[in-house]
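Under our numbering, the sequence shown has 91 at position 91, and the numbering climbs by one with no breaks.
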Amino acid sequence: MAEIERETMEYDVVIVGAGPAGLSAAIRLKQLDADLEVVVLEKGSEVGAHILSGAVLDPCGLDALIPDWKEKGAPLNVAVEEDNFYMLGEAGEVRIPNFPMPPLMNNHGNYIVSMGNVCRWMAEQAEELGVEIFPGMACSELVYGDKGEVKGVVAGVFGLEADGSYGPNTEPGMELHGKYVFLSEGVRGSLSKEVIAKYDLQAGKDVQKYGVGMKEIWEIDPAKHKQGTVTHTMGWPLNSNAGGGSFIYHLDNNQVYVGFVVHLNYKNPHLYPYMEFQRFKHHPMVAELLEGGKRVAYGARAITEGGYQSMPKLTFPGGALLGCSAGMVNVPRIKGNHNAMLSGKAAAEAAFDMIKAETTDQELTAYEDEVRNGMIGKDLKKVRNVKPMWSKWGMLPSLALGGLDMWTNTLFGLSLFGTLKHGKNDAESTEEASKHKEIDYPKPDGKLSFDRLTNVSFAATNHEESQPCHLRLADPNLPIATNLPKFAEPAQRYCPAGVYEVVEKDGQPEFVVNFQNCVHCKTCDIKDPSQNITWTTPQGGDGPNYPNM
1 MAEIERETME YDVVIVGAGP AGLSAAIRLK QLDADLEVVV LEKGSEVGAH
51 ILSGAVLDPC GLDALIPDWK EKGAPLNVAV EEDNFYMLGE AGEVRIPNFP
101 MPPLMNNHGN YIVSMGNVCR WMAEQAEELG VEIFPGMACS ELVYGDKGEV
151 KGVVAGVFGL EADGSYGPNT EPGMELHGKY VFLSEGVRGS LSKEVIAKYD
201 LQAGKDVQKY GVGMKEIWEI DPAKHKQGTV THTMGWPLNS NAGGGSFIYH
251 LDNNQVYVGF VVHLNYKNPH LYPYMEFQRF KHHPMVAELL EGGKRVAYGA
301 RAITEGGYQS MPKLTFPGGA LLGCSAGMVN VPRIKGNHNA MLSGKAAAEA
351 AFDMIKAETT DQELTAYEDE VRNGMIGKDL KKVRNVKPMW SKWGMLPSLA
401 LGGLDMWTNT LFGLSLFGTL KHGKNDAEST EEASKHKEID YPKPDGKLSF
451 DRLTNVSFAA TNHEESQPCH LRLADPNLPI ATNLPKFAEP AQRYCPAGVY
501 EVVEKDGQPE FVVNFQNCVH CKTCDIKDPS QNITWTTPQG GDGPNYPNM
């Protein structure tokens, strides 16, 4: 808004998002030149607040960035000791042996970590080098220069009126300008989505694909705890209804991370991803582990699944996309943090060279080349066909053919299948409700399984009710006029936080958006069949506040 007067701060590089990609970029920039002015802006109330703990981390990214991370006390304390894969049926399970799997699927040498704590530690390393980190500073707008380039961001806008207008108590925020702006917002970030559309960065690339990952942290009976054990499952309860699977990671202090991923290209709008997760915990193998324990945290987040062929062009005039903003998750490994770190390092090195050469009006082509052809590209290219195989042929054929494809890519650097396409995007994959049967889900028992609103309270999410709704409907009438009769309004089910409801008012259905519940997973922005919902950044500090575990 041109009439708004804001303070302006100048930096060499402005980084949006204090996740592993953004922090890696900041650290590497200061390693290369201590005099560079680098700022990291984080929308969470603190670094790590929006990162629900629990991941298996390949340390190759940290090895490249901070080789002495062990000596510096990085919180990688639980090495993987046991790696299990199971195919589940409703009443039992079959162990899939490890030996037929390609080496890239082996988790030995990796660590079960709290990524929230890893990022907090990385932030400490960055600040010791002189990086400025501002938590609670959501970036709500991009600032463009005279040549159409991105030259900065607007951050720290607070106190907008409920309709989004500026009122007497509004703090207009500030503009932070940089020679380069790095967007490391994570999956489906609002600014990243804007630059991808503005500069047509997806041109010539496949569609991006997504899953929704839901996760709980449990404290379990010490007699059942096996520190360092990693378990992944496929099959029940999803079976043929959707692709996806689970993970169970035993860290220290008798805690386990229990997670469930549903691929968002499912067809049946009656599918209820959250309830599939809750039902999964009643499988005998899982129930036996969790009985007598207690859930201590819950959260959800969208996951990029398109892989190598779906990554957009990574650079644009004035900046670059890092990590999950560009979709660098290795789907069969369920890992992206290592690639996020490597991408931040590569972007920093490319920017440093351009700043040093005083030619910052050019795009960071060296960054694009390094990602496509370096460690990240090699990691993603080997597994590029696993996701489209699953989507086209189902779980069992993709298990066999995907394994074969990963082996040929590993041994010979080639695929018998070339590079497969993903087809439709996830919103377009949703079919009309009349083509599918409703799914009867058992009621949560309050011991192993929980209703959504109860679980959302364990995300400690909060949004001021007086602020504008950050979930924007292009057409407020469309959910009832179109989505309800055609798709049984799937927003009631695909949202893992109970944000969307259809209620009856004066005898008529009404669409309600409970944005205070939002955990920033962005599933609605992805899966809505009419593409009517846009997730935007709420004011800084709002959203989940995941525990320090």
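Each residue gets a CB set at the ideal place from its N, CA and C atoms; glycine is no exception.
{"Asked": "Please name the residue, chosen from 190, 183, 228, that lies closest to residue 347 on a Cα-to-Cα basis.", "Found": "183"}
{"Asked": "Let me check one thing: in DSSP terms, what residues is residue 341 bridge-paired to?", "Found": "Per DSSP, none; premise fails for residue 341."}
{"Asked": "In three-state DSSP terms, what is residue 494?", "Found": "helix"}
{"Asked": "Under 8 Å Cβ to Cβ from residue 9, same chain only, skipping five residues before and after it: list those, please.", "Found": "39, 174, 175, 176, 177"}
{"Asked": "Could you spell out where the beta strand (DSSP E) holding residue 211 opens and where it closes?", "Found": "210–219"}
{"Asked": "What number of angstroms, rounded off, separates the C-alpha of residue 179 from the C-alpha of residue 356?", "Found": "11 Å"}
{"Asked": "Is the segment 13–33 in contact with the segment 91–105, if contact means three or more CB pairs nearer than 8 Å?", "Found": "no"}
{"Asked": "Alpha carbon to alpha carbon, how far is residue 309 from residue 77?", "Found": "34 Å"}
{"Asked": "Tell me the residue span of the alpha helix (DSSP H) that contains residue 384.", "Found": "No alpha helix (DSSP H) holds residue 384; DSSP gives it neither H nor E."}
{"Asked": "If contact is defined by three or more beta carbon pairs under 8 Å, each pair taking one atom from either stretch, is the segment 233–250 in contact with the segment 392–406?", "Found": "yes"}
{"Asked": "In the DSSP output, what is residue 144 paired with across the bridge?", "Found": "150"}
{"Asked": "Could you give the distance in angstroms between the alpha-carbon of residue 607 and the alpha-carbon of residue 256?", "Found": "Since the first residue of the chain shown is 1 and the last is 549, residue 607 is not available in this structure."}
{"Asked": "May I ask you to list the residues that DSSP assigns as paired with residue 502?", "Found": "511"}
{"Asked": "Taking residue 147 as the reference, which of 172, 199, 26, 127 has the closest Cα?", "Found": "199"}
{"Asked": "Report, in whole angstroms, the separation of the C-beta atoms of residue 306 and residue 225, which I expect to be a contact under 8 Å.", "Found": "At roughly 36 Å, the Cβ-Cβ gap does not stay under 8 Å, so residue 306 and residue 225 are not in contact."}
{"Asked": "Note down the Cα distance separating residue 274 from residue 259, rounded to an integer number of angstroms.", "Found": "11 Å"}
{"Asked": "In three-state terms, what does DSSP make of residue 83?", "Found": "strand"}
{"Asked": "Identify, in the order they occur along the chain, each residue of the same chain with its Cβ nearer than 8 Å to the Cβ of residue 377, setting aside the five sequence neighbours on each side.", "Found": "308, 371"}
{"Asked": "If distances are taken between C-alpha atoms only, which option among 271, 140, 321, 57 comes closest to residue 492?", "Found": "271"}
{"Asked": "Taking the continuous beta strand (DSSP E) assigned at residue 234, which residues delimit it?", "Found": "229–235"}
{"Asked": "What are the boundary residues of the alpha helix (DSSP H) that includes residue 30?", "Found": "20–32"}
{"Asked": "Output yes or no for whether 8 Å exceeds the beta carbon distance between residue 518 and residue 212.", "Found": "no"}
{"Asked": "State the start and end residues of the unbroken beta strand (DSSP E) segment that holds residue 255.", "Found": "255–263"}
{"Asked": "Counting only the same chain and skipping the five closest in sequence on each side, list residues whose C-beta sits under 7 Å from that of residue 26.", "Found": "15, 38, 40, 126, 131"}
{"Asked": "Would you check if the distance between the CB atom of residue 337 and the CB atom of residue 379 is smaller than 8 Å?", "Found": "no"}
{"Asked": "Please work out which residues of its chain come closer than 6 Å, Cβ to Cβ, to residue 60, disregarding the five sequence neighbours upstream and downstream, and give them in chain order.", "Found": "338"}
{"Asked": "Rounded to a whole number of angstroms, what is the C-alpha to C-alpha distance between residue 268 and residue 262?", "Found": "13 Å"}
{"Asked": "Starting from residue 533, follow the alpha helix (DSSP H) in both directions and report where the run begins and ends.", "Found": "Segment 533–535 is the beta strand (DSSP E) holding residue 533; no alpha helix (DSSP H) there."}
{"Asked": "Quick check on residue 455: does DSSP put it in helix, strand or coil?", "Found": "helix"}
{"Asked": "What three-state label does DSSP hand residue 123 in the structure shown?", "Found": "helix"}
{"Asked": "Does the contact criterion of 3 or more C-beta pairs under 8 Å hold for the segment 44–54 versus the segment 94–111?", "Found": "no"}
{"Asked": "Using the rule of at least 16 other Cβ atoms within 10 Å of the residue's Cβ for burial, across every protein chain shown, is residue 1 buried or exposed?", "Found": "Caution applies to residue 1, whose pLDDT of 43 falls short of 50 and renders its modelled position unreliable; the model cannot decide the point."}
{"Asked": "So does the segment 208–223 actually touch the segment 295–302, counting three or more Cβ pairs closer than 8 Å?", "Found": "yes"}
{"Asked": "Take the Cβ of residue 333 as the centre, count every other Cβ of all protein chains shown within 10 Å, and call the residue buried at 16 or more, exposed below.", "Found": "buried"}
{"Asked": "Count the other CB atoms within 10 Å of the CB of residue 443; is the residue buried (16 or more) or exposed (fewer)?", "Found": "exposed"}
{"Asked": "Is it true that the segment 436–453 meets the segment 409–425, where meeting means three or more beta-carbon pairs spaced less than 8 Å apart?", "Found": "no"}
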